[in-house]
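There are 2 protein chains.
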Amino acid sequence: MADTISFLKPREAVLSRRAAIIADLTELLPPECLVHEARELVPFETDAFVSYRRLPLAVALPKTTAQVAAVMKYCNRYGIPVVPRGAGTSLSGGAIPQEDAVVLGLSKMSRILEVDYANRTATVQAGVTNLNISEAVGIDGFFYAPDPSSQLACTIGGNIGMNSGGAHCLKYGVTTNNLLGVKMVLVDGTVIELGGKHLDAAGYDLLGLVCGSEGQLGIVTEAVVRLIAKPEGARPVLFGFDTSEHAGACVADIIGSGIIPVAIEFMDKPAIEICEAFAHAGYPLDVEALLIVEVEGSEAEMEAMLKAIVEIAGRHGVKTVRESQSATEAALIWKGRKSAFGATGRIADYICMDGTVPLGKLSYVLNKTSEIVDRFGLRVANVFHAGDGNMHPLILFNANDPEDAAKAEEAGNEILKLCVDAGGCLTGEHGVGIEKRDLMRHQYSEADLHQQMAVRYAFDEGWILNPSKVFPLDGRPAA
Amino acid sequence: MADTISFLKPREAVLSRRAAIIADLTELLPPECLVHEARELVPFETDAFVSYRRLPLAVALPKTTAQVAAVMKYCNRYGIPVVPRGAGTSLSGGAIPQEDAVVLGLSKMSRILEVDYANRTATVQAGVTNLNISEAVGIDGFFYAPDPSSQLACTIGGNIGMNSGGAHCLKYGVTTNNLLGVKMVLVDGTVIELGGKHLDAAGYDLLGLVCGSEGQLGIVTEAVVRLIAKPEGARPVLFGFDTSEHAGACVADIIGSGIIPVAIEFMDKPAIEICEAFAHAGYPLDVEALLIVEVEGSEAEMEAMLKAIVEIAGRHGVKTVRESQSATEAALIWKGRKSAFGATGRIADYICMDGTVPLGKLSYVLNKTSEIVDRFGLRVANVFHAGDGNMHPLILFNANDPEDAAKAEEAGNEILKLCVDAGGCLTGEHGVGIEKRDLMRHQYSEADLHQQMAVRYAFDEGWILNPSKVFPLDGRPAA
Chain A
349 MADTISFLKP REAVLSRRAA IIADLTELLP PECLVHEARE LVPFETDAFV SYRRLPLAVA
409 LPKTTAQVAA VMKYCNRYGI PVVPRGAGTS LSGGAIPQED AVVLGLSKMS RILEVDYANR
469 TATVQAGVTN LNISEAVGID GFFYAPDPSS QLACTIGGNI GMNSGGAHCL KYGVTTNNLL
529 GVKMVLVDGT VIELGGKHLD AAGYDLLGLV CGSEGQLGIV TEAVVRLIAK PEGARPVLFG
589 FDTSEHAGAC VADIIGSGII PVAIEFMDKP AIEICEAFAH AGYPLDVEAL LIVEVEGSEA
649 EMEAMLKAIV EIAGRHGVKT VRESQSATEA ALIWKGRKSA FGATGRIADY ICMDGTVPLG
709 KLSYVLNKTS EIVDRFGLRV ANVFHAGDGN MHPLILFNAN DPEDAAKAEE AGNEILKLCV
769 DAGGCLTGEH GVGIEKRDLM RHQYSEADLH QQMAVRYAFD EGWILNPSKV FPLDGRPAA
Chain B
349 MADTISFLKP REAVLSRRAA IIADLTELLP PECLVHEARE LVPFETDAFV SYRRLPLAVA
409 LPKTTAQVAA VMKYCNRYGI PVVPRGAGTS LSGGAIPQED AVVLGLSKMS RILEVDYANR
469 TATVQAGVTN LNISEAVGID GFFYAPDPSS QLACTIGGNI GMNSGGAHCL KYGVTTNNLL
529 GVKMVLVDGT VIELGGKHLD AAGYDLLGLV CGSEGQLGIV TEAVVRLIAK PEGARPVLFG
589 FDTSEHAGAC VADIIGSGII PVAIEFMDKP AIEICEAFAH AGYPLDVEAL LIVEVEGSEA
649 EMEAMLKAIV EIAGRHGVKT VRESQSATEA ALIWKGRKSA FGATGRIADY ICMDGTVPLG
709 KLSYVLNKTS EIVDRFGLRV ANVFHAGDGN MHPLILFNAN DPEDAAKAEE AGNEILKLCV
769 DAGGCLTGEH GVGIEKRDLM RHQYSEADLH QQMAVRYAFD EGWILNPSKV FPLDGRPAA
């Protein structure tokens, strides 16, 4: 990838004081909580976006909110950029550091502090993994709903930063819909609490604002999340169609009918072939588009919903309908879908885009996406959360060929602009990060951007928190 | 009520230029969109809180976003306070004007602009009433979920300002969970759009921030709201208990089991008696506490849920169980509940508090509430949204007796502090307004409040938008 204006110019005043800063941090943190040797810094030089790499100045791995506060207070006083990091699974470069930054990693704060079934909440430290929450309450019949593909590794702190989603968000919403409160360290080290174990909150909804703010408003160290009871049963059904148009129209019709399945996943032919070759999920290979529609509830509820959905699919000329007949078969259907990214990685390098469009525009955007990628002489596989219009075109290219890589990046940009022009937005669940920063002008007017930056200033006057992300580098107010 | 420090000192520079300001506004608005004669201003002097009254300087009733922008640009330039107003149904004084303010009423912007079933959205002007949305899409089997008691009159703009709820929010969430986008006029007249017909948004969640900001960040003129399909059926069941403790524990247990009914409403004995005398709903009079639990879905779903709920109620010594056997009976059960405020108004003056508490604390807070009210020699009736812990103690008093009124206000303040101390918050759905402004210090630390005010400044440097609300009058940064 082109590595040109990707970061703000490093602050010389910070770089020149590197040794002194590390010495100061040594006073603030126990030895095992500070990383500063070059070879130990390597694991922190990028995240799952991997297009850019920078060794940070140092990495702080605090164990307590008080330690986070001490580091923030110090860095804020001396104008040292701070890049918060969960598990580093960001697909938009949200956790990529810069040379003059202290990475603030939350991985040592990974305890579940309380589970409270009467209020259906869990209180957890920010470094706990998404899946750990569901595992801790699973035995009692509960789970935490948002399920990013990276849920085995990604942390709740990172999920809050990016307002992460997942396949099952169609019914249960994304992170912001499942977050009730946070403890957060402000840039000057002050600790505040937002929300709690109650709905709504007096005053402004700063909790909602913080969710999805990509670590630029403060460092979340604890979170209160909503727990949901596991349904009695769940059942995925496969629908094969002859064209993407039919599949897209079917999705819009299911949603338009008012039925809310737990998930509606869409795969086009290239995606079907890639996943089937890897997972042997039994996907039909003679169709152009596949929907995985999952319903849940009691046997009677599932049957009623499936009946209505099959009827809708019939109106759109569905070619193959396959209800899973067992838990094994259901698991296999999902295995195929969930392995999509890994399976694609076996056959080519790829970048995964993350635009969201109104449902009525699904097939239009799919067609235009093909046209764009064709024009660049590249290939694309589409596998995405169709029920909420969250598209994930995977653009295949050869990372060892700089020209190919540049084409992929350019095609990706055109696709995201297409999503915005179709009435959608740049991101569904991966965030803006570095990846989509310069496209923000396509989504927002100068007035919109100015208002967002004004809010950022109200939290971080010195612009030290994750400073190279979210907003275009040019046109920022002086920091 | 005591009418002491309820408003900021009027800006003399504004009051002294009243005639000139009205002349200027006449240039910006058609004649039918400007109200400035004293007798015509009377309907705008208060809202449903009615404890305070002020005649505003003038009332603007624009018909277009461009007119709203023109008024805002003008008022901002000359430092004239602006108080936005929907239908004036605020229970916390959110729409009460001040002498130096232009009231910006949205009542003439009441059109439904678009209904889009493929995306399950409606785009409406801010002055449309809550119920109008559901009525417009009801024939197609859809509705708009949040249902404040005032839904016949209250506007979607007001709902957004206060993040309004209602009895059915247990399942469907409050306004913020059902709002997808807004068009908003900033204080300087700039028009921005937040969100749209897609989930999530790139950049910060300013939409979430605006929802519940009580008109202090901008004037919402249009909104995109989510539509939901009507369930196949809905059925309320009455559960009578011998003690409030048993009823409260039953609520916590239903929620703790993971079942999510559409509504769980709670009435104590005084509330039961008041409502039964008015509505003849057939409520049992030999119990101390009543729950109305409503489930919805297919016949089979409802039966399964009811079976589980009845079993839980049995474990808490339920005395009376009555499933509604017909639509008429169901309507009657809800009529009793929905008439609670009106029926109470027949027998006494009352103030309605709006604290929210964690479910495990319901009976503790109910008992303490009784103790507080007893101590002041007053009476209380409790009728509230128990499923989400949103309490509504109605404190009965005689408004013609200033001493009684002062006692009611003091008791109310103690009750709200009790809610906060129990881990809850000052408001569930009515907002802070004037009523709870001075209690914000009890909920928030100075650092919390300072951060909220800093965000407000990022939108409205001159502090002209609804300036006397939400934050304590003392301790504000100079405006």
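Taken in order, these protein sequences are the chains called A and B. Per our numbering, the very first residue in the first sequence carries number 349; after that it's consecutive. Per our numbering, the very first residue in the second sequence carries number 349; after that it's consecutive. From the three backbone atoms N, C-alpha and C, an ideal C-beta is built for every residue, glycine too.
For residue i, the first and last residue of its enclosing beta strand (DSSP E)
i, result
"D697/A", "697–700"
"K686/B", "Note, K686/B: premise wrong, no beta strand (DSSP E); alpha helix (DSSP H) at 675–686."
"L542/B", "539–543"
"G505/B", "That residue, G505/B, is in no beta strand (DSSP E); its alpha helix (DSSP H) goes 504–510."
"N730/A", "727–733"
"F589/A", "581–589"
"A501/B", "Premise fails: A501/B is in no beta strand (DSSP E) and is neither H nor E."
Rounded separation between residue i and residue j - CA only
i, j, result
"P429/B", "A501/B", "25 Å"
"L542/A", "I576/A", "21 Å"
"E624/A", "V610/A", "23 Å"
"T352/A", "S561/B", "Annotation note: pLDDT 43 at T352/A (below 50); position unreliable, coordinate value reported separately. When rounded, the distance between both Cα atoms is 40 Å."
"C559/A", "N526/A", "10 Å"
"D395/B", "S497/B", "15 Å"
"V362/B", "V522/B", "38 Å"
"M349/B", "G506/B", "Residue confidence is low: M349/B scores 39 on pLDDT, short of 50, so the model does not pin down where it sits. No coordinate-derived value is stated."
"V573/A", "D736/B", "15 Å"
"A827/A", "R402/A", "Annotation note: pLDDT 47 at A827/A (below 50); position unreliable, no value reported."
"C773/A", "Y552/B", "13 Å"
"E719/A", "R583/A", "35 Å"
"E644/A", "G581/A", "5 Å"
"Y712/A", "E762/A", "14 Å"
"S674/B", "I681/B", "11 Å"
"E758/A", "E393/A", "24 Å"
"H664/B", "S438/B", "37 Å"
"R365/B", "V450/B", "13 Å"
"P358/A", "D769/A", "35 Å"
"I699/B", "E647/B", "40 Å"
Contacts of residue i in chain B (Cβ-Cβ under 8 Å)
i, result
"A466/A", "A600, D601, I603, G604, P706, L707, G708"
"V431/A", "Near V431/A there are no residues of chain B at all, since even the closest Cβ is about 18 Å away, more than 8 Å."
"I576/A", "G606"
"F490/A", "G606"
Chain D within 8 Å of residue i, Cβ atoms only
i, result
"A759/B", "Of the protein chains in the structure, A and B, none is chain D."
Start-to-end residues for the alpha helix (DSSP H) that takes in residue i
i, result
"N424/B", "413–425"
"V485/A", "478–486"
"K662/B", "A small fix is needed here, since residue 662/B is Gly in this sequence, not Lys. From DSSP, the alpha helix (DSSP H) with G662/B extends over 647–663."
"F330/A", "No information on residue 330/A is available, as it lies outside the stretch 349 to 827 that chain A covers here."
"M532/B", "M532/B -> not in any alpha helix (DSSP H); beta strand (DSSP E) instead, spanning 527–533."
Interface partners of residue i on chain B, CB under 9 Å
i, result
"G737/A", "N467, K545, H546, L547"
"G823/A", "Result: empty, since nearest Cβ-Cβ is about 14 Å, beyond 9 Å."
Under 9 Å from the C-beta of residue i: neighbouring residues of chain A
i, result
"N525/B", "G521, N525"
"C559/B", "D553, G556"
Nearest-angstrom beta carbon gap, residue j and residue i [assumed within contact, 8 Å]
i, j, result
"V530/A", "V568/A", "5 Å"
"F819/B", "L787/B", "Their Cβ separation, rounded to whole angstroms, is 11 Å, which puts F819/B and L787/B out of contact at 8 Å."
"G781/B", "S440/B", "3 Å"
"A484/B", "I504/B", "Actually they are not in contact, since the Cβ atoms of A484/B and I504/B sit about 12 Å apart, beyond 8 Å."
"V803/B", "A417/A", "Not quite, the Cβ-Cβ distance comes to about 21 Å (not below 8 Å), so this is no contact."
"Q564/A", "L554/B", "About 13 Å; that fails the 8 Å criterion."
"R468/A", "P618/A", "In fact, because the Cβ distance is near 41 Å, the residues do not count as touching under 8 Å."
"Q446/A", "V463/A", "Q446/A to V463/A, Cβ: 38 Å. No contact."
Residues that residue i contacts on chain B, provided the C-beta gap is smaller than 7 Å
i, result
"G772/A", "H546"
"A652/A", "S646"
Chain-ordered neighbours of residue i on chain A, where CB pairs are closer than 7 Å
i, result
"D796/B", "I540"
"A595/B", "Simply none; closest approach about 14 Å."
"M788/B", "A550, G551"
"Y805/B", "A806"
Where residue i meets chain A, residues with beta-carbon distance less than 8 Å
i, result
"K784/B", "A550"
Contained beta strand (DSSP E) runs [length at least 3] in the region 727–782 of chain A, N- to C-terminal order: 727–733, 741–745
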